[in-house]
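Chemist: Taking this note's numbering, the leading residue of the sequence shown gets 2, the next gets one more, and so forth. Glycine included, every Cβ here is placed at the ideal spot set by N, Cα and C. Quick caveat: nothing in here was measured; it's all calculated off a predicted structure. What follows is a single structure, and I will ask about it in a moment.
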Amino acid sequence: MKLDFNTDTPAVVLGLFDTGLSVARLLARSGIKVIAVTSDYTDVGQGTVCAKVIRAPDPVTQSTDLLEKLIAISTRLGTKPVLYPASDTFVSFVSRNRKILANHYLFLLPSAEITNNFLNKKSQFETVEKAEILQPLSV
(Lines of atoms letter the chains of each structure in order from A; the text may use other names.)
(Lines give C-alpha, C1' and ligand atoms only; values in the text may rest on other atoms or scores of the structure.)
Protein backbone atom coordinates (compact mmCIF):
# COMPACT_ATOMS: atom_id res chain seq x y z
CA MET A 2 0.00 0.00 0.00
CA LYS A 3 1.45 3.33 -1.04
CA LEU A 4 0.62 6.23 1.28
CA ASP A 5 -0.26 9.64 -0.07
CA PHE A 6 2.36 12.06 1.27
CA ASN A 7 5.13 14.35 0.05
CA THR A 8 8.17 12.32 -0.96
CA ASP A 9 10.39 15.24 -1.95
CA THR A 10 12.44 15.22 1.25
CA PRO A 11 15.26 12.68 1.01
CA ALA A 12 16.20 10.32 3.84
CA VAL A 13 19.60 9.41 5.24
CA VAL A 14 19.67 6.05 7.00
CA LEU A 15 22.59 5.47 9.37
CA GLY A 16 23.54 1.80 9.39
CA LEU A 17 22.73 -0.97 6.95
CA PHE A 18 22.31 -3.98 9.17
CA ASP A 19 18.82 -5.51 9.41
CA THR A 20 17.02 -2.45 10.84
CA GLY A 21 18.67 0.07 8.53
CA LEU A 22 18.13 -2.10 5.48
CA SER A 23 14.44 -2.51 6.37
CA VAL A 24 14.04 1.26 6.82
CA ALA A 25 15.79 1.95 3.50
CA ARG A 26 13.57 -0.55 1.67
CA LEU A 27 10.34 0.83 3.13
CA LEU A 28 11.27 4.42 2.33
CA ALA A 29 12.40 3.58 -1.20
CA ARG A 30 9.17 1.68 -1.88
CA SER A 31 7.29 4.84 -0.89
CA GLY A 32 9.17 6.83 -3.52
CA ILE A 33 11.62 8.54 -1.16
CA LYS A 34 15.22 9.07 -2.23
CA VAL A 35 17.37 7.15 0.27
CA ILE A 36 21.03 7.53 1.10
CA ALA A 37 22.38 4.83 3.39
CA VAL A 38 25.51 5.54 5.39
CA THR A 39 27.51 2.68 6.83
CA SER A 40 30.83 2.35 8.55
CA ASP A 41 30.61 -1.42 8.92
CA TYR A 42 31.78 -3.18 5.78
CA THR A 43 30.01 -6.37 6.90
CA ASP A 44 26.52 -4.80 7.03
CA VAL A 45 24.05 -7.01 5.18
CA GLY A 46 22.66 -4.10 3.16
CA GLN A 47 25.89 -3.13 1.39
CA GLY A 48 24.58 -4.29 -1.97
CA THR A 49 21.06 -2.86 -1.73
CA VAL A 50 19.56 -1.20 -4.78
CA CYS A 51 17.08 0.69 -2.57
CA ALA A 52 19.58 3.35 -1.58
CA LYS A 53 22.74 5.08 -2.60
CA VAL A 54 25.24 3.47 -0.20
CA ILE A 55 27.98 5.69 1.19
CA ARG A 56 30.81 4.36 3.30
CA ALA A 57 31.63 6.59 6.20
CA PRO A 58 33.90 6.87 9.24
CA ASP A 59 33.08 4.91 12.38
CA PRO A 60 30.69 6.74 14.75
CA VAL A 61 32.67 5.68 17.84
CA THR A 62 36.32 6.02 16.82
CA GLN A 63 35.98 8.71 14.13
CA SER A 64 32.95 10.71 15.21
CA THR A 65 34.31 14.08 14.06
CA ASP A 66 35.02 12.72 10.58
CA LEU A 67 31.54 11.15 10.43
CA LEU A 68 29.96 14.44 11.49
CA GLU A 69 31.80 16.25 8.70
CA LYS A 70 30.71 13.58 6.20
CA LEU A 71 27.05 13.91 7.23
CA ILE A 72 27.18 17.70 6.97
CA ALA A 73 28.68 17.34 3.47
CA ILE A 74 25.90 14.94 2.43
CA SER A 75 23.20 17.36 3.60
CA THR A 76 24.95 20.28 1.91
CA ARG A 77 25.17 18.38 -1.40
CA LEU A 78 21.46 17.55 -1.21
CA GLY A 79 20.64 21.23 -0.74
CA THR A 80 17.95 20.45 1.82
CA LYS A 81 17.55 19.05 5.31
CA PRO A 82 17.00 15.31 4.81
CA VAL A 83 15.29 13.17 7.42
CA LEU A 84 17.88 11.30 9.49
CA TYR A 85 17.18 7.71 10.60
CA PRO A 86 19.78 6.30 13.03
CA ALA A 87 19.22 2.54 12.75
CA SER A 88 21.42 1.15 15.52
CA ASP A 89 22.29 1.93 19.13
CA THR A 90 25.71 3.20 18.03
CA PHE A 91 24.19 5.65 15.57
CA VAL A 92 21.44 6.73 18.00
CA SER A 93 24.17 7.52 20.52
CA PHE A 94 26.17 9.41 17.87
CA VAL A 95 23.14 11.50 16.81
CA SER A 96 22.25 12.19 20.44
CA ARG A 97 25.78 13.41 21.24
CA ASN A 98 25.84 15.61 18.13
CA ARG A 99 22.19 16.68 18.07
CA LYS A 100 22.81 20.44 18.19
CA ILE A 101 25.07 20.42 15.13
CA LEU A 102 23.05 17.82 13.22
CA ALA A 103 19.81 19.76 13.81
CA ASN A 104 21.20 22.49 11.56
CA HIS A 105 21.48 19.99 8.70
CA TYR A 106 18.90 17.22 9.29
CA LEU A 107 15.36 16.59 10.44
CA PHE A 108 15.13 13.97 13.21
CA LEU A 109 13.33 13.22 16.44
CA LEU A 110 15.07 11.97 19.55
CA PRO A 111 14.06 12.21 23.17
CA SER A 112 16.30 14.21 25.49
CA ALA A 113 19.90 13.06 25.87
CA GLU A 114 19.09 11.72 29.34
CA ILE A 115 16.20 9.57 28.12
CA THR A 116 18.16 8.43 25.07
CA ASN A 117 21.06 7.35 27.27
CA ASN A 118 18.67 5.55 29.65
CA PHE A 119 17.30 3.47 26.84
CA LEU A 120 20.69 2.78 25.26
CA ASN A 121 21.88 1.34 28.57
CA LYS A 122 19.94 -1.91 28.87
CA LYS A 123 20.22 -2.01 32.68
CA SER A 124 18.83 1.50 33.13
CA GLN A 125 16.23 0.74 30.45
CA PHE A 126 15.04 -2.21 32.50
CA GLU A 127 14.95 -0.08 35.67
CA THR A 128 13.08 2.78 33.95
CA VAL A 129 10.44 0.46 32.53
CA GLU A 130 10.13 -1.36 35.86
CA LYS A 131 9.68 1.96 37.71
CA ALA A 132 6.87 2.86 35.29
CA GLU A 133 5.27 -0.53 36.08
CA ILE A 134 5.30 -1.61 32.46
CA LEU A 135 5.32 -5.37 32.01
CA GLN A 136 8.43 -6.73 30.35
CA PRO A 137 10.06 -10.10 29.89
CA LEU A 138 12.77 -10.95 32.40
CA SER A 139 16.32 -11.23 31.09
CA VAL A 140 18.69 -14.01 31.99
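Who are the near neighbours of I101 in its chain, counting only those whose CB is closer than 7 angstroms to its CB and skipping five residues on each side?
Modeler: The answer, listed in chain order, is L68.
Chemist: Suppose the cutoff is 7 angstroms on Cβ atoms and the five residues either side in sequence are ignored; what does the same chain contact list for T20 look like?
Modeler: Once the five neighbours on either side are set aside, the close Cβ partners of T20 are A87, S88.
Chemist: Using 10 angstroms around the beta-carbon of L135, count the other beta-carbons present and answer buried if the total reaches 16, otherwise exposed.
Modeler: The residue in question, L135, is exposed, as its Cβ has fewer than 16 Cβ neighbours within 10 Å.
Chemist: Under a three-way DSSP split, which group does T14 fall into?
Modeler: Reading off the sequence, residue 14 comes out as Val, not Thr. Reduced to three states, the DSSP call for V14 is strand.
Chemist: Looking only at C-alpha atoms, which of P60, V50, Y85, N104 sits nearest to G79?
Modeler: The shortest Cα separation from G79 among P60, V50, Y85, N104 belongs to N104.
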